[in-house]
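Number of protein chains: 6
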Amino acid sequence: MSAARVDGRKADQLRPVTLTRKWSIHPEGSVLVEFGQTKVLCTASVTEGVPRWLRGSGKGWVTAEYAMLPRATNTRGDRESVKGKVGGRTQEISRLIGRALRAVVDTKALGENTIIVDCDVLQADGGTRTAAITGAYVALQDAVTWMRDKKLIKASKDPLTGSVSAVSVGIIDGVPMLDLCYEEDVRAETDMNVVCTADGKFVEVQGTAEGAPFDRAELDALLDLAAGGCKELASHQVKALLS
Amino acid sequence: MSAARVDGRKADQLRPVTLTRKWSIHPEGSVLVEFGQTKVLCTASVTEGVPRWLRGSGKGWVTAEYAMLPRATNTRGDRESVKGKVGGRTQEISRLIGRALRAVVDTKALGENTIIVDCDVLQADGGTRTAAITGAYVALQDAVTWMRDKKLIKASKDPLTGSVSAVSVGIIDGVPMLDLCYEEDVRAETDMNVVCTADGKFVEVQGTAEGAPFDRAELDALLDLAAGGCKELASHQVKALLS
Amino acid sequence: MSAARVDGRKADQLRPVTLTRKWSIHPEGSVLVEFGQTKVLCTASVTEGVPRWLRGSGKGWVTAEYAMLPRATNTRGDRESVKGKVGGRTQEISRLIGRALRAVVDTKALGENTIIVDCDVLQADGGTRTAAITGAYVALQDAVTWMRDKKLIKASKDPLTGSVSAVSVGIIDGVPMLDLCYEEDVRAETDMNVVCTADGKFVEVQGTAEGAPFDRAELDALLDLAAGGCKELASHQVKALLS
Amino acid sequence: MSAARVDGRKADQLRPVTLTRKWSIHPEGSVLVEFGQTKVLCTASVTEGVPRWLRGSGKGWVTAEYAMLPRATNTRGDRESVKGKVGGRTQEISRLIGRALRAVVDTKALGENTIIVDCDVLQADGGTRTAAITGAYVALQDAVTWMRDKKLIKASKDPLTGSVSAVSVGIIDGVPMLDLCYEEDVRAETDMNVVCTADGKFVEVQGTAEGAPFDRAELDALLDLAAGGCKELASHQVKALLS
Amino acid sequence: MSAARVDGRKADQLRPVTLTRKWSIHPEGSVLVEFGQTKVLCTASVTEGVPRWLRGSGKGWVTAEYAMLPRATNTRGDRESVKGKVGGRTQEISRLIGRALRAVVDTKALGENTIIVDCDVLQADGGTRTAAITGAYVALQDAVTWMRDKKLIKASKDPLTGSVSAVSVGIIDGVPMLDLCYEEDVRAETDMNVVCTADGKFVEVQGTAEGAPFDRAELDALLDLAAGGCKELASHQVKALLS
Amino acid sequence: MSAARVDGRKADQLRPVTLTRKWSIHPEGSVLVEFGQTKVLCTASVTEGVPRWLRGSGKGWVTAEYAMLPRATNTRGDRESVKGKVGGRTQEISRLIGRALRAVVDTKALGENTIIVDCDVLQADGGTRTAAITGAYVALQDAVTWMRDKKLIKASKDPLTGSVSAVSVGIIDGVPMLDLCYEEDVRAETDMNVVCTADGKFVEVQGTAEGAPFDRAELDALLDLAAGGCKELASHQVKALLS
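Note that the protein sequences, when read in sequence, are chains A, B, C, D, E and F. Take -3 as the starting number for the first sequence in the numbering used here and just add one per residue. Take -3 as the starting number for the second sequence in the numbering used here and just add one per residue. Take -3 as the starting number for the third sequence in the numbering used here and just add one per residue. Take -3 as the starting number for the fourth sequence in the numbering used here and just add one per residue. Take -3 as the starting number for the fifth sequence in the numbering used here and just add one per residue. Take -3 as the starting number for the sixth sequence in the numbering used here and just add one per residue.
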């Protein structure tokens, strides 16, 4: 594990992580998360009521929407609003973030309220979906605290049963590496996004062979690397929430 | 691993698998794949030319589109054509099938030709995306053979570098099980779709905690089960292609 | 009337007709109808309630949606879901099937229930709309029987006041012919689709001059031919429903 | 045939017909057609070039688009532009008008030019599609004359091989009637739209049982009535074009 | 102010203005407004009820929709219904007309009723939005009178607190001119649309430098000219309403 | 002019203005502009080539797209990408920004290149469109400098013929005020957005009576106030570009 990385990191090293809470004045929770040059603004919006299929169930709902500013990337992408539809990649990531957050939400404890977490990528350099999940959890936590302050949920109940963070891993030139930046992501033979809880369990594992298929040993190495990365991210989240 | 299953299968047992080639008269490749009650019609259509971004590259393209008939399921779903947009789940699965197929395609050997594999679910009972991938590979193989017969590709080159099949696995009441039917899928705490090559390597691993997060031991058990199931499916594919 | 046809049929001869009931496990009525190589899956779905404009009227509603799988035809057509809109031809045929079915439905006897009949063309070789109507009626009948079994409608009332079937006719090289296959349809100077009740009355007559305008004598010959074809189709429907 | 009509007409009598040419200053052909209170503005626009599938064929193209102003009817209808899609009825009628016009067009003689005929209903009182066809033909003729003046087509060739007009017929209280106004249209058991050439041949026959199915004798009576009405409309067209 | 104009008018002279009330039979108010060759059909439709955000408020709503027939202009424009979306210019003008009308509406006096004013440009020669506003006011007045006759609003209340009219002004070759026709509009360096009440106050001022930016003196001259034009239009409105 | 303002400002005082250049790493020009709590990210993207209607003209193109993040405002707004269409307000503002920038662009000097300026509102507190224009100009200037460095434009030509900035003004409780924050904007009887060049000329004047119509004296006072504000903003732009 001693291959040189673009930015001089070690194979199992995260990029500098920053979680800036209260970045915006309006949302109930708002976090600017940075994984190196990747910057995602995560805002959590609380509204009373739930989607139709949950009405009367006593349960709340948490969902997420992911998007990129048109020039968050090196080349400008057309706006999905102008194209008139949300692309497949965008929908896939929005669904992933929503599932990841709901894995640690007790919807009964939320009551019939909805929290929408918007993750807007202001600048992209690889790992936007994993940064988004990591920041979204913190924004969600702040929104839940706001709800408790407003007596929208009972003090005795905690709608959050744990925390989630996420990281990408990949194999480059045969070496498993943690938290790929864009340049690495493009070169990776295998690319995996892993969502973990703070206690090291898996919420989502999505591995794709971009080049040659990967074997079980490679898969195992990637899972080890990701588990370690998520653990570190979880401590960043704790630190941010305590500050 | 002795828990009773809805249909009396053992935990590591596939449902009856059928691969009916030449189901339709028009397409270059067409396969009706059945995993138990799940029936997917996979048709492979060859067209000359490639999408814009590949023109002049000498490379071909393989892509897939997945869809469900409105009453393939127990409750009728609205048509996506009538709603005017393709849903997130549909796009996600279409992208997955396309990636899985491209993992075994040498696009250079295809020349500047495109193969679109349509996977239309005629009847759904769980595992539609994994059945689709398994059937799509066979339809793709038939389309490639058709191209060779028509001299659209050189006899000396094989655009297919291997085969892919896919299967779902999940944990139900703590027991890892292979090839979930719909009733099982709904009850699964963890749900994973795995795409493998015939030589046992991984092309895609997508695991999601539907209920509680899963630990590494559970993940390992699911991967073992899936690898075994894909091996068996690969032999079904070989048998179908030789018949 | 002795002109040779592509498939050796006589001018007034239908292609082989098959009506396979209970083709799918989920729908309340499901029929695979085949007119030669044309295969249409007709499924009838019962839901409680009616569209807004009928609420409180005590009347039910029957409607239809027609679509083609992308590779049902010789050349692959783009999916309407991907294009984001339903084409004019598709809408026109959906509306035709719905009107044809409603011609034999007593909506009062249905109660405030809706039956949607989906007609999905799995393989096309001319006459898809007429095959669809012929199969849709049988699926509708099965759905009505299911409703009676479930006590959703009163035993004393029959929501179906008759039966409908449909057939295409056309003039090729000056000869009126029944039930055109695709190759004939393309060559026809005049093309007509006729929907009849079992007692020989007309529900819909749609004739179009594809080449030269047609005179009254030709129109009369086509109507005679169509009436005969529908009569024969009606007996196929009876036989299928009795089996 | 002596039943009283809403407006005192005889059963086989057209409403007052007006064809005002050059109603607008911009289009190459423009006609305000009135069938009683029904008013449709038909404009024919000539553009060089043809749709992609005709390029290089040496043939031209004629197509039509039909639409209603939102308050052309008694109750305001939502704009299709605002709804974001063209309704089924609108598409069906646009396609009908296009087919009717093309039945008398020699596309070779047009050269690679396109004529789009827009039929916008300014006020509706039944028979909008038949008025549209009748007016569209006159606008088309004016556009063709304009093209000849501009030397866009050769003087020796006539792209119009005949004329078309259209009329609705229906059975009300058992009596076949010509050219239904809205109030009659709503009450009709059977409704038929017929497009004829000036020499009395049929271009399109579309009959629908709105109530009870109709028998052959009724169909024959309607066809007779329509043929007579179209003949009269053809003479209105000639008169307008000569004026 | 003596520069020659295309049509011989003086710089501060309106084109001939016509306001034809009751142009259509169906709408509660309908006016064909003509500013020279510009013809806009304005229809006011009354419906009971209000948009969701006003329910229970006791207030009514007035809104407007502007559109152009495809061949209202010199070159045919694609239909927005066919394109599937309403263009920016169309929306901008619809919003402008709605705001202009609401400036003289007392929504309380309307009660929970909605008036939609449709402004459809039948023929365009510059100034379509200002003609639309000028005609829309008259149609609105007629619809309000209709409501009073139908007792939908109390006789003691007048929902209209004043009148509005609008005119375009522009600078051509350095000379400020009133009510530009299309040919002038294209050449104008600065283009301004002004909406005034009958008592000479401003409701909307929208000035744009098409060529060089304009200075305060030019702006002042344009405002003077527009105020004079609106005053004259207001007297046309009064005359039309009294006739 | 001594009325108390929400934030203690004087009636003719701007909020604190910040223009942070190079806020993002990818775009050719990027500026975070802040007018008090309003924050807009303006990025200028250079691409070779021009829209179809300009090809071969030797001229370039500058256009703008404005959008708001869903929770930029106090209440979350639905994403336009999810709704499938761009709203009227968004389009209106995008068009305004584009026109404002083009007023100081010599498209000939740009060559056949396109600059798209995206203005994404990260946080809204009134005046988002005027802040966007003010920041967009600076981003545009940086993009032009980048083009010169890359030799995409000749050193001898300056595509920018001046600078533009914009500010809102309004009348609150009878007092004309500069640069309204959201709370003031809601209360304003009259609201005007003014775009000026650095030499004090007008590029765009858009005034709307939200409450009572305004008279000429009020309009004059607002124009004076806006001209002063723009002058100050122009000096902020110069300072930012020199830093």
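Every residue gets a Cβ at the ideal spot worked out from N, C-alpha and C, and that includes glycine.
Taken atom to atom, the span from the alpha-carbon of F:D195 to that of F:V163 is near 15 Å. Against F:E88, the close residues of chain E are G84, Q87, E88 and R91, in the order they occur along the chain (beta-carbon pairs closer than 8 Å).
In chain order, P209 make up the part of chain F whose C-beta sits under 8 Å from the C-beta of E:T193. The Cβ of A:R98 sits no closer than 8 Å to any Cβ of chain F.
Cβ atoms of D:A63 and D:D116 come within 8 Å of each other, at about 5 Å. C:G52 has no beta-bridge partner at all, per DSSP. Proximity of the region 111 to 129 of chain D to the region 21 to 41 of chain D meets the contact definition, three or more beta-carbon pairs being nearer than 8 Å.
A direct Cα-Cα distance of roughly 15 Å separates C:V78 from C:T86.
Taking every protein chain shown into account, the CB of C:A127 has 16 or more other CB atoms within 10 angstroms, so this residue is buried. Rounded to the nearest angstrom, the gap between the Cα atoms of A:E200 and A:A230 is 16 Å.
Here D:D74 is exposed: its Cβ has fewer than 16 other Cβ atoms, across all protein chains shown, within 10 Å.
Taking the beta carbon of A:P47 as reference, no residue of chain F falls within 9 Å; the closest one sits roughly 13 Å away. The C-beta of E:P23 has 16 or more other C-beta atoms within 10 Å across all chains shown, which makes the residue buried.
In terms of beta-carbon proximity, F:G94 stays away from the interface with chain E, with every pair separated by 8 Å or more. Counting of Cβ neighbours within 10 angstroms places A:L92 among the buried residues, the total reaching 16 or more. Distance from the CA atom of B:V27 to the CA atom of B:T16, rounded to whole angstroms, is 5 Å.
In the DSSP assignment, E:I129 falls within the alpha helix (DSSP H) that extends over T124 to D145. Shown here, B:R91 sits in a helix according to DSSP, grouped into three states.
D:G80 places its beta carbon 8 Å or farther from that of F:K147. In the structure shown, the three-state DSSP call for B:T103 is helix.
The Cβ atoms of C:Y178 and C:D220 do not sit closer than 8 Å to each other.
Burial state of B:W49 is exposed, judged by a 10 Å Cβ sphere holding fewer than 16 other Cβ atoms. According to DSSP, residue pairing for A:K235 in a beta bridge does not occur. The C-beta of B:K81 comes closer than 8 Å to at least one C-beta of chain A.
C:T186 places its beta carbon less than 8 Å from that of C:G166.
Uninterrupted alpha helix (DSSP H) stretches at least 4 residues long and entirely within the region 154 to 203 of chain D occur at 178 to 183, given in chain order. For F:S77, the enclosing alpha helix (DSSP H) starts and ends at E76 to K79. Here the C-alpha atom of A:Q33 lies approximately 14 Å from the C-alpha atom of A:D181. In this chain, C:T69 is not harboured by any beta strand (DSSP E), its DSSP state being neither H nor E.
Proximity of A:E76 to chain B, defined by a Cβ-Cβ separation below 8 Å, is not satisfied.
Under the Cβ criterion of 8 Å, B:L219 is not counted among the residues facing chain C. Contact annotation for C:K197 against chain D: P209, F210 and D211 [CB-CB distance below 7 Å, chain order]. Just so you know, the alpha carbons of C:E76 and B:R144 end up roughly 31 Å apart.
Comparing alpha-carbon positions, the option among A:G225, A:V58, A:T193 and A:G207 lying closest to B:F210 turns out to be A:T193.
CA-to-CA, the gap between A:L118 and A:D138 works out to about 21 Å. Bounds of the beta strand (DSSP E) holding A:Q119 are N109 to Q119.
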